[in-house]
Structures are given as C-alpha cells and as structure tokens.
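According to the UniProt record's numbering, the sequence shown is numbered sequentially starting from 1.
All residues carry an ideal CB built from backbone N, CA and C; glycine is no exception.
Report on the structure given below.
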Amino acid sequence: MDGVLYRGTDLIPGADRFVRELRERDIPFRFLTNNSQRTRRDVVARLVRLGLDVEEEHVFTSAMATARFLAQQKPGGTAYVIGEGGLLTALHQHGYAVVDHDPDYVVVGEGRTFNLELVESAVRMILGGAKLIATNMDPNCPTQNGTRPGCGAFVALLETATGVKAFSVGKPSPVMMRAARKELGLTTDQTTMIGDTMETDILGGVQLGFHTVLVLSGGTKAEDLPRYAYRPETVVPSLAELADLFDEHDWLPPWKVVAGRPRVPALV
C-alpha cells in the first residue's frame, strides 16, 4: 500500500477518489500488504485516518495468508513465531498454538524484536525438524525514518545458518494472490493487480495471468522498466489517472481498452 495509496503519513493524491469510485460502482477490491505486523483492523484504522472509506474485509495481509495456508497444511498445528501482533493474531484465529518448544513450523514475519536469542532458538528448531515459513521475502521495508531490514533479511540469516530454504507465502507467491482473488469472487481474467513494485506486485500478477498496472508513485521509476524481463500491461503516474478514467468514460471490463489502458475491476 505504501507507494500506491500513501507515502509515509501522506495520502497520495487521487487515491481516495479512486477507492470511492470502486465502492460507488460496487467493484470488489482488496488491499494486499506483505507487512505481517498489524492486524487487518489496525490497517483499516490507519487507512481511515488518511481519509479512505474502507472496512476490514478490504484488507488482506501476508499474516492472514500464512495462517490460512498453515491451517490447510496441518490443521491445529503449532508454531514458533518471530513476528508481531498481526501474525500472532492470524495464527490464533486459524487454530494454531504458538509454542517455544518442538513446533511444527518456525514462522517468520516483520518485527522490531528480532535478536540473537530468537535466532538461536529458531535454528535449533529448524535443525530439529521444524519447517521454515516466511510471511514474505521482502529484503527491506520503507518507514518514516528510512529503510529497515524486512522479513526476507531475517529469513536469509536462518536459511544460511541451517541450510534450509524457507517457503514464502506473501507476494509474489500465488498462495496469497490466488487466495485474494478467490475472496473477490472473480476469475483470473477479471482481476487486475495494481502496485508500485515490479518484484512483488507486478511479478505476481504476471505469473498468475492477472491484468497488471504499475503506478510510478512508489518504489519503481519509468527508467527502471527496461531491466526487467516482464512488463506490466499499463504504467500510470498514480491512482489519480485511473480515477480520472471513471469520470471520462463509462465502465468497461478490464480486457477492454480505453485510451490504450485497461480498465480496472479490482484492486488487489
């Protein structure tokens, strides 16, 4: 969401109008975030403070995707967790017990409590047979105070120490993105992924066959595109341009082209 809806504490101009158009036209959408720290309620509280008219059902986090995946793989299992409230809450809601001895899984998410004691415990558990799960593999996270290490950086330490590769559930994993599409009740061709990051948002959308829209209001610039082997269908400066299309044209499905740009039925 950072770079698409807002930058730091400031709403990106046009984002509120775009979301309002989606709601008024009854177009299903989800906000996908790889940040596993906050619950969906916490995320909604922040978005509402920024001026967006959204509810809990509109948010889908990597913590939620991870908990659902584990509940499907091993119902009623146990996990040793390196992470914060959003991840812990999601695991509890899906029937998982958080333990500090002999877990089925070691689950790693974002957090500010990462220390060597947690790492040593996790390494022993993984070498003892616990499976390593990552909410995402983002190497860093943008914050108001600059960039800080992300979940992927923490996971890399555990992978190096144990020789075990983590299974990641967050974007661009199809596990998370397909689950979000199913929540929307849409087919693949009816779904559009809007994002500011080529390595997660756009890559995941391309791999799953979604329509893809890259906004240049975040981490990717137009001059970055030539170095990627894949491309988004559409590139726009920000959500403001997509919001303008609502005013300029009648609603069309995503596979129809308006002024060379596909329409967007779902924000994922």
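Asked, Found
"Helix, strand or coil at Ala180 [DSSP, three-state]", "helix"
"Local conformation of Arg49 per DSSP, three classes", "helix"
"Assigned secondary structure, Ile202 (DSSP; H/G/I helix, E/B strand, else coil)", "helix"
"Reduced DSSP category for Leu5 - H, G, I as helix; E, B as strand; rest coil", "coil"
"For Asn145, the residue or residues it bridges with in DSSP", "In DSSP, Asn145 forms no bridge with anything."
"Length of the line joining the Cα atoms of Leu116 and Gln93", "28 Å"
"Sub-8 Å separation of Gly86 and Arg38 beta-carbons", "yes"
"Collapsed DSSP secondary structure at Ser168 in the structure displayed", "strand"
"Contiguous alpha helix (DSSP H) assignments of at least 4 residues, all confined to the region 62-113", "62-73 and 85-93"
"Identity of the residues DSSP links to Phe60 by a beta bridge", "Leu32"
"For Ile27, three-class secondary structure by DSSP", "coil"
"Alpha-carbon spacing of Glu120 relative to Thr187, whole angstroms", "44 Å"
"Status (buried if at least 16 other CB within 10 Å, exposed otherwise) for Arg49", "exposed"
"Spatial distance of Arg30 from Ile12 (CA atoms)", "18 Å"
"Pairwise C-alpha distance: Val123 and Asp201", "30 Å"
"Range of the contiguous beta strand (DSSP E) that encloses Met137", "Careful: Met137 lies outside any beta strand (DSSP E) and carries neither H nor E."
"Delimiting residues of the alpha helix (DSSP H) encompassing Leu116", "Leu116 to Leu127"
"Ser62 versus Val107: straight-line alpha-carbon distance, rounded", "12 Å"
"8 Å Cβ cutoff, Pro226 in contact with chain D", "Looking at the structure shown, chain D is missing, and only one protein chain is on hand."
"Spatial neighbours of Arg231 in its chain, beta-carbon cut-off 7 Å, leaving aside the 5 residues before and after", "Leu225"
"In DSSP terms, what Lys131 is bridged to", "Tyr105"
"Inter-residue CB distance, Ala79 and Asp100 (contact presumed, cutoff 8 Å)", "No, Ala79 and Asp100 are not in contact; Cβ-Cβ is about 10 Å, not under 8 Å."
"Run of the beta strand (DSSP E) containing Val215, from where it starts to where it stops", "His211 to Val215"
"Option nearest Glu55 by Cα separation, candidates Gln72, Arg20, Pro75 and Ala71", "Arg20"
"Top-ranked residue by Cα proximity to Glu110, from Gly218, Ser36, Thr192 and Phe246", "Ser36"
"Segment contact, 8 Å Cβ cut-off, at least three pairs: the region 177-194 with the region 207-222", "yes"
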